[in-house]
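Just so it is clear: in the sequence shown, position 22 is 22 by UniProt numbering, and no numbers are missing. Read through the structure below, which is laid out as structure tokens, and then see the notes.
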Amino acid sequence: MAAKARTRPESTVESTGGEPADTLREYYEQMSLVRAFELRSSEMYARAKIGGYCHLNLGEEATVVGLMAAIEARDYLFTGYRDHGYALLRGLSPERVMAELFGKVTGVSGGRGGSMHLFDAETRLFGGYGIVGGQIPPATGAALALKNQEVAGPDAAAVMCLLGDGTTNIGAFHESLNLAGLWKLPIVYVIVNNGLGMGTTVEKASAEPDLYKRGASYRMPGVRVDGDDVLAVRDAARDALRQARESRQPVLLEVMCYRLRGHSVVDPARYRSSEDTTIAQQSDPVPSFRAKLISAGVLSETDAAAIDEAADVRVSEAVVFADESPEPDVDDLFKYVYATAVANMPTALPGEPVMDAL
């Protein structure tokens, strides 16, 4: 049975005004790029250019841009498997990200990770985790490592760990938050709450559906913010990171948003009512932000159209790059299975007799 339409709870913080026009324009450009990339990714998946699983940020663009506007280059970012937009705004080129989705050697992980495992040590993007909640313990460990460096203050590094609403019900979530609260670790846990853990509503999966309150068990401040308000998301994330840097105070930030598609590209989302789908479409942050900027005189209709066209062209170039990039060499199939060579490591290719490889 399809779920009833959901009513989004009120945010606990509001955005501030007075932003420079150049900043607002930049945020719209980023939102437009993420939207164009995800729409083209969906198309490429349907054309069998992308294999495996593929989860999109469609409907979450304001959340992505706001969070990435708050994080600093020195910070460490851990994400779940809905990671494309975060990788783009962390500084990875659309070409390299699309090539990774295509499984090509020019991808950010050499074509070995695909959609769910984007990783780049240089930009301190530490995944891209396919296991639900798999990123939370390593992110907490990274925060412990930062604390052990005994550096605090406004110039210190912090960790931002992104997770979905369904992740808050697994043991690793509570174990990690307990340790972060106990040890005063410089980390911000961000719950991207699109209201649906795959196909189950938060209200039917969580005894406490106000997920930001869950940090109270670990004496961790919790904040809820409207994920369709890019400025509110940025401001809330900046404040949370400031607390993590300067006071070694972990923070739980819940960002409320909708996803416009199913859980993954192949999910038809039949569990959603037509009313709920309509609400999600009406809340779409990209056209909404576009309209606000035009109304405020920051952009003209022509400006906005040019930005959208430029994003489409940029992503089209990324698709061409990915399509023309070489496939991984079959002789490298077992490369990187281990960090260093070990005895009896596998070397047989598919179809080869097992004994011939020994």
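C-beta: ideal position from N, C-alpha, C; glycine also.
Does the distance from the CB of residue i to the CB of residue j come in under 8 Å?
i	j	result
A237	A70	yes
residue 366	A158	Residue 366 is absent from the structure shown; the chain starts at 1 and stops at 358.
W183	K213	no
P285	E72	no
V223	V251	yes
V233	G66	yes
S93	G52	no
L177	G215	yes
R40	V315	yes
I294	A304	yes
L231	E26	no
P328	G111	yes
A139	F78	yes
The beta strand (DSSP E) with residue i in it runs from where to where?
i	result
D226	G222 to D226
N344	Taken as a continuous stretch (DSSP letters only), N344 belongs to no beta strand (DSSP E), as it is neither H nor E.
F78	Y76 to T79
L162	V159 to G164
Can you list, in chain order, the residues of its chain with a C-beta nearer than 7 Å to that of residue i? Leave out the 5 residues immediately preceding and following it.
i	result
S109	E100, H117, L118 and F119
residue 363	Beyond the ends of the chain as shown, which are 1 and 358, falls residue 363; an answer cannot be given.
A339	none
T277	none
S283	D228 and Y258
L24	L293 and V298
S274	none
Report the option in the options whose CA atom is closest to the CA atom of residue i.
i	options	result
Y81	G113, L185, S283 and E95	G113
F321	V286, T106 and L39	T106
A240	V151, R40, V230 and E254	E254
F289	S41, K49 and T63	T63
L349	C54, V319, L333 and V315	L333
R219	A180, V230, M256 and T201	A180
R270	D284, R314, T200 and Y336	T200
L125	A21, L89, R40 and A304	L89
G153	S247, G85 and V315	S247
L144	G51, M160 and A21	M160
A306	E29, F102 and A21	E29
S325	V337, M98 and E309	M98
residue 368	Y45, M68, V313 and M44	Past the boundaries of the shown model lies residue 368; the chain is included only from 1 to 358, so the question cannot be answered.
K104	V337, V330 and N344	V330
V202	A232, C257, P221 and S176	C257
A311	Q282, E327, A36 and S274	A36
Y45	A87, S264 and Y76	S264
G130	H55, G141, G171 and N194	H55
A121	G111, D83, Y76 and V266	Y76
D267	Y27, M31, E19 and S42	S42
S32	V313, A341 and E327	V313
L185	E208, A296, G171 and A142	A142
D308	K49, V342 and P287	P287
T123	A21, Q149, R74 and A343	R74
What first and last residue would you give for the alpha helix (DSSP H) that runs through residue i?
i	result
G171	G171 to W183
L89	H84 to L89
I307	E301 to E324
Y189	Not the alpha helix (DSSP H): Y189 falls in the beta strand (DSSP E), residues I187 to N193.
L333	Neither: L333 is in no alpha helix (DSSP H) and is coded neither H nor E.
M266	Checking the displayed sequence, the identity of residue 266 turns out to be Val instead of Met. That residue, V266, is in no alpha helix (DSSP H); it is neither H nor E in DSSP.
Y45	A21 to A46
D276	S274 to Q282
S288	P285 to S295
A69	E61 to A70
Using a Cβ-Cβ cutoff of less than 6 Å, which residues in the same chain neighbour residue i once the five nearest sequence positions on both sides are dropped?
i	result
A156	R245
Q249	Q243
L58	E38, L260 and R261
G85	V34, N57 and V64
D210	none
P221	V251
P346	F334
A21	V298
G351	none
Below 8 Å CB to CB, which residues in the same chain sit around residue i once its five sequence neighbours on both sides are set aside?
i	result
L163	G80, G133, Q135, I136, F173, Y189, V190, I191 and V192
E95	T106, E317, A318, F321 and A322
E175	P137
E208	R214
V337	M345 and P346
S300	I294
Spell out whether any CB of chain C is found under 8 Å from the CB atom of residue i.
i	result
K213	No chain C is present in this structure, which holds just one protein chain.
Alpha helix (DSSP H) segments (min. 4 residues) lying fully within the segment 198-260 = 202-205 and 230-247
Taking only runs of the beta strand (DSSP E) that begin and end inside the segment 101-152, which ones reach a length of at least 3 residues, in chain order?
-> 125-128
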